[in-house]
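Only one structure is covered here, and it is reproduced in the block below.
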Amino acid sequence: MAEREQLLKGKGERKQLELKVYFALCDLSNYFKTRDDPLQYEVNRLWHGLDRLRGIPEFPKVKQEINPQ
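Here this note's numbering is used: the first residue of the sequence shown is 1, the next is one more, and so on.
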């Protein structure tokens with residue numbers, strides 16, 4: 001969580017909001033990975049709707065959180 005807060009520091013209000021939404025989707029995606037739940041489809045749809053955020057410099061760090069090696 002501290003790493004996420006560090007990523008938010010010094011960002012504008014809009015960028016912080018985008019990152020917070022992104023973090024929430026990361027958490028939801030991780031939660032549903034281990035469950036057979038119809039909501040996983042909706043989470044994936046939202047996730048792919050935010051593809052434009054993949055260009056942000058923070059993405060590799062957040063992606064590592066979602067898919068640890």
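We put the beta carbon where it would ideally sit given N, CA and C, even for glycine.
Check your understanding: If you pair each beta-carbon of the region 28-41 with each one of the region 7-16, do three or more pairs fall below 8 angstroms?
Key -> No, because fewer than three Cβ pairs between the region 28-41 and the region 7-16 fall closer than 8 angstroms, the two stretches do not touch.
Check your understanding: Residues in its own chain within less than 6 angstroms of Gln-69 by CB, not counting five upstream and five downstream?
Key -> Here Gln-69 scores only 45 on pLDDT, less than 50, and its place in the model is too uncertain to base an answer on.
Review point. Around the C-beta of Tyr-22, are 16 or more other C-beta atoms found within 10 angstroms, so that it is buried, or is it exposed?
Key: Classification of Tyr-22: buried, given that the 10 Å Cβ count is 16 or more.
Check your understanding: Among residues of its own chain, excluding the 5 on either side of Gly-10, which ones have a beta-carbon nearer than 6 angstroms to its beta-carbon?
Key -> For Gly-10, there are no CB contacts under 6 angstroms within the same chain when 5 residues up- and downstream are skipped.
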